[in-house]
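Below is one structure, written out as structure tokens; the observations come after it.
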Amino acid sequence: MAESEVLHRRAPSRSSWLRVRKARPHLLLSRRGRRRFGVLTRVELRRLRRRLLRAHALGGDWKQVAPAGAHVAVKCKLRARSRPAPRSPPTPSVPPAPCTASATCSLLNPRNHSTPQSRAGRPVRKVSPNVTQPVRDLGSGRVLMMLPPGEGFTFSGICRVTCVYGQLEVYGHIINQGQPPQDVFSVYTHSYLTINGVPYAEPEKSEKAIRREIRALLKPYTKLDDRNWVVRYFPPLGSIMILERMQTRFVDFLKTYKCSSYVLLQENAPVRANSEFTTLKKIGIRRQKRKKAICLSESGLCALEELVSVSCDGCPVILLCGACDIGKSTFNRILINQLLNSIPGVDYLECDLGQTEFTPPGCVALLNITEPLLGPPYTHQRKPQRMVYYGKMNCYNDYENYIDIVKYVFRDYKREFPLIINTMGWVSDNGLLLLVDLIRVLSPNYVVQLYSDRCKFTPTLTSEYVELTDGLYTKSKIKRYRGFEIPEFGDNLEFTYEEKESSPLPVFTGHVLLSVHSEFLSSKNEKNRAKYNRIFRDLAVLGYLSQLMLPVPEPLSPLHSLTPYQVPFSAVAIRVLHADVAPTHILYAVNASWVGLCRIVDDMKGYTRGPILLAQNPICDCLGFGICRGIDMDKRTYHILTPLPPEELKTVNCLLVGSISIPHCIFQNQPGPEGSVPYVTTDYNLNIPGATEKIGEREYGKAFPRHKLRQRRK
83 MAESEVLHRR APSRSSWLRV RKARPHLLLS RRGRRRFGVL TRVELRRLRR RLLRAHALGG
143 DWKQVAPAGA HVAVKCKLRA RSRPAPRSPP TPSVPPAPCT ASATCSLLNP RNHSTPQSRA
203 GRPVRKVSPN VTQPVRDLGS GRVLMMLPPG EGFTFSGICR VTCVYGQLEV YGHIINQGQP
263 PQDVFSVYTH SYLTINGVPY AEPEKSEKAI RREIRALLKP YTKLDDRNWV VRYFPPLGSI
323 MILERMQTRF VDFLKTYKCS SYVLLQENAP VRANSEFTTL KKIGIRRQKR KKAICLSESG
383 LCALEELVSV SCDGCPVILL CGACDIGKST FNRILINQLL NSIPGVDYLE CDLGQTEFTP
443 PGCVALLNIT EPLLGPPYTH QRKPQRMVYY GKMNCYNDYE NYIDIVKYVF RDYKREFPLI
503 INTMGWVSDN GLLLLVDLIR VLSPNYVVQL YSDRCKFTPT LTSEYVELTD GLYTKSKIKR
563 YRGFEIPEFG DNLEFTYEEK ESSPLPVFTG HVLLSVHSEF LSSKNEKNRA KYNRIFRDLA
623 VLGYLSQLML PVPEPLSPLH SLTPYQVPFS AVAIRVLHAD VAPTHILYAV NASWVGLCRI
683 VDDMKGYTRG PILLAQNPIC DCLGFGICRG IDMDKRTYHI LTPLPPEELK TVNCLLVGSI
743 SIPHCIFQNQ PGPEGSVPYV TTDYNLNIPG ATEKIGEREY GKAFPRHKLR QRRK
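The sequence shown runs 83 to 796 under this note's numbering.
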């Protein structure tokens, strides 16, 4: 009987269901919303209210309709009398962790990231399902791009990067919003660079306030339509950047020469060009695959984190070593950029003669770096704090002079900032013994040794190995008391009392070894290494000569049209560093050569005629470089073309000529003069004794003992 008393609900008639189905598109009764309402006007609010009441009067199940259209009722501020849908229990909110050095290092070793969510938990609105980094052309050689947190944009080309909102990371350097734009060089001669979006703490603002702030920051750069587009597709905790076409005197100067113009150009165009490729092409860049970018191994990330941590608390001396083309320079740039995120400056000691970082090749230099390094060496030529021109690309058969020059430059280090020491890639035979000498002379706190599977075995340079190994000019100590100066060891280093007082004590007290497995990509091998190195050296010389171009909005002038300085014979002394030249032929060696402008202690006032010749290679300060573009025998003057200012040029009293040659493209690119081009000839007799087809080329390979060279010739 109880079951018979249950009242069953009567189903609506056929006509009622037809009327409900007709109203369904307007009522959003289906599971998939057909329209997303924004801010509705008063007329639309009244119309929607009438439709809801009409559906309720027709007999529709209002309890089932309310959860489906709850978001409409909230936006329209309508109060439904229905029972609300059950909600899941709220999860405790975890505050976002601030960005640390380890988080910055992890961007160089990308992992899979989850899809970013908005504050309401909904997925981010995308331009298309496959596009997570929207790109928009702003015109006038500018492109706007948005990066979600943790994602990167790997590209090839050169551009100027401005961070409008959020944080960016390039080559280990953090670019915050409001900072000046940075010039980024991602050329194919080196590994491509990646611009990463850095995760930052969630701001304590509403979404409306964030959108208002983004609009205000974009107003100086964009139009109203562009700002609306950015607000529509902006990812939560994302970053906004503007990429501009780079137009500088340095870039224009390199484009005037054939040997360097192709470096800044893009490689072959892709088979399929999409809209993003067309947009980025307008500013001279192109998206590349992430596998072609710089990627650090886990050991490299750990080493960077430890070195940054100890450098923020003190001034350690860090020495990097490893074989050729293993990634020492790349690791140095990343380390310097990360250190500049925390400290104002970093000192750098260049001991690699062949591949220098901040100067033309053949130098040992000490520099203080205060700006990030966002490109290859030839894009950031700097003025050193102290520099000595060695004049050769290796120190084969001249080890003692090389060590004396390193000690001469190192004594100017004041321990005000951390010091990074770059060494040569010669780590076999005598090169390994020379590296042991450098470790004892410079006494670093940390030694970072890079190794790779493709390189030959190199002994692990632990503190015990350095202690028990004889160098070329230092002896091993089987039992040494750390921290106390040993007279015999001090005599081997040959430091004077003044050097010991003005520089750190050259007492080897042991070091911490950090072994880093290198995963850097390199296009060099044993066959093309000499060719690549020669190109890089020519680019470094051109990068230095670009300082001759004044920063004025005028067409560039060729080098042969610039007015040189006239230096009398009696004002400077001359020395050829890499060869023995007869005094009667010394002027032939100086003419049309790359010369170091140096300052020696000797006074040149007592000489009335010249040229003045030095008997041995001096160890003196090098103030800069120049080209001896001519010699006037009537006026007895040298014609020197150099970017050195006149006030510093007055103190120069020595010209040093080394094996570093002027790039051939400089001689070939001399527009204007009619007839034969100066210093260029097509009538060359190879039958003359001593003539060769390889004019101007030097010995770029490794240094080998003489008996090995004879075996190779056989």
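Heads up, the beta-carbon is just placed ideally off N, CA and C, and yes, glycines get one too.
Contact between the region 617-630 and the region 441-460 is present: 3 or more CB-CB pairs across the two stretches fall below 8 Å.
Taking 4 residues as the minimum length, the alpha helix (DSSP H) runs contained wholly in the region 364-404 are 380-395, in order along the chain. Remark: fewer than three beta-carbon pairs, one from each stretch, lie closer than 8 Å, so the region 265-279 and the region 290-298 are not flagged as touching. Fewer than three Cβ pairs drawn from the region 449-465 and the region 473-487 lie within less than 8 Å of each other, which leaves the two stretches out of contact. Taking C-beta atoms under 8 Å as the contact rule, residue 736 and residue 681 qualify, at a distance of about 7 Å. The three-state secondary structure of residue 660, taken from DSSP, is coil. Bounds of the beta strand (DSSP E) holding residue 648 are 647-650. Between the region 381-397 and the region 490-500 there are three or more inter-stretch CB-CB distances shorter than 8 Å, so the stretches are counted as touching. Between the beta-carbon of residue 673 and that of residue 713 there is about 5 Å, and that keeps the pair under the 8 Å contact cut. Residue 483: member of the alpha helix (DSSP H) spanning 481-492, first to last residue. About 5 Å separates the beta carbons of residue 244 and residue 324, which is inside the 8 Å limit, making them a contact pair. Within the DSSP bridge table, the entry for residue 655 names 694 and 736 as partners. In the three-state scheme derived from DSSP, where H, G and I count as helix and E and B as strand, residue 298 is classed as helix.
DSSP places residue 508 outside any alpha helix (DSSP H), giving it a letter other than H or E.
Within its own chain, the residues whose Cβ lies closer than 8 Å to the Cβ of residue 301, once the five positions on either side in sequence are excluded, are 309, listed in chain order.
For residue 506, the CB contacts under 6 Å within the same chain, skipping 5 residues up- and downstream, are 434 in chain order. For residue 513, the enclosing alpha helix (DSSP H) starts and ends at 512-524. In the three-state reduction of the DSSP assignment, residue 237 falls in the strand class, which pools E and B.
Residue 271 holds the alpha-carbon nearest to the alpha-carbon of residue 345 among 298, 271, 129 and 235.
Excluding its 5 nearest sequence neighbours in each direction, residue 733 has C-beta neighbours in its own chain below 6 Å: 681, listed in chain order. In the same chain as residue 304, and ignoring 5 residues on each side of it, the C-beta atoms closer than 8 Å to its own belong to 220, 226 and 312, in chain order. If the five residues before and after residue 247 are omitted, its C-beta is found closer than 7 Å to the C-beta atoms of 259, 296, 299, 321 and 322, all from its own chain and listed in chain order.
By the Cβ-count criterion, residue 472 is buried, with 16 or more other Cβ atoms from all chains shown falling within 10 Å of its own Cβ. Separation of residue 526 and residue 504 (C-alpha to C-alpha, rounded to the nearest whole angstrom) is 12 Å. For residue 746, the enclosing alpha helix (DSSP H) begins and ends at 746-750. Residue 251 is bridged by DSSP to 256 and 278. In this structure, residue 592 sits near residue 545, with a CB-CB distance shorter than 8 Å. Beta-carbon to beta-carbon, residue 485 and residue 555 are separated by about 6 Å, close enough to satisfy the 8 Å threshold. Distance from residue 405 to residue 540 at the Cβ level is roughly 7 Å; contact confirmed, criterion being Cβ atoms closer than 8 Å. Residue environment: residue 631 is assigned as buried (16 or more neighbouring CB atoms within 10 Å of its CB, all protein chains considered). Unbroken alpha helix (DSSP H) stretches of 4 residues or longer found wholly inside the region 400-451: 410-422, given in chain order.
In the structure shown, the three-state DSSP call for residue 332 is helix.
Judged by DSSP secondary structure, residue 269 falls outside any alpha helix (DSSP H); it is assigned neither H nor E. The three-state secondary structure of residue 478, taken from DSSP, is coil. Secondary-structure assignment with DSSP links residue 597 through a beta bridge to 531.
In chain order, 332 and 335 place their CB closer than 6 Å to the CB of residue 628, counting only its own chain and leaving out the 5 sequence neighbours on each side.
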